[in-house]
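Read in order, the letters of the sequence shown are residues 1 to 72 in our numbering.
Every residue, glycine too, gets a C-beta built ideally from N, C-alpha and C.
Have a look at the structure below before the remarks.
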Amino acid sequence: MPNVSKGKAMPQEFEQIRSADQPLDSEESAPVAGARTDDTVDALDAVLDDIESVLETNAEEYVGSFVQKGGE
Numbered sequence: 001m002p003n004v005s006k007g008k009a010m011p012q013e014f015e016q017i018r019s020a021d022q023p024l025d026s027e028e029s030a031p032v033a034g035a036r037t038d039d040t041v042d043a044l045d046a047v048l049d050d051i052e053s054v055l056e057t058n059a060e061e062y063v064g065s066f067v068q069k070g071g072e
C-alpha cells in the first residue's frame, strides 16, 4: 500500500491551482502593464537627470569639502 497522507496536495495539484488564479485573458492586461512601465521609466529618467544636473553644479564644492586644510 503506497504511503499517501491525506490533506496534502501533490505538485500537480499546486500547478492547477496556480493556473486557475491567473487571468483568463492575459493578453488584454499586457498593454496596460507596458504603459505603466513606460511611465515609470520616464519618471525615473527625469529624476536621474535632476540628480545629474545637481551633481554637475555642485561637484567642485562637494569635492572641495573633503580636502584637508592645515592641521585637520
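In the three-state DSSP reduction, valine 63 falls in the helix class (H, G or I). Straight-line spacing of the CA atoms in valine 67 and glutamate 60 works out to 11 Å.
Cβ-Cβ distances below 7 Å link valine 54 to nothing in the same chain once the five nearest sequence neighbours on each side are left out.
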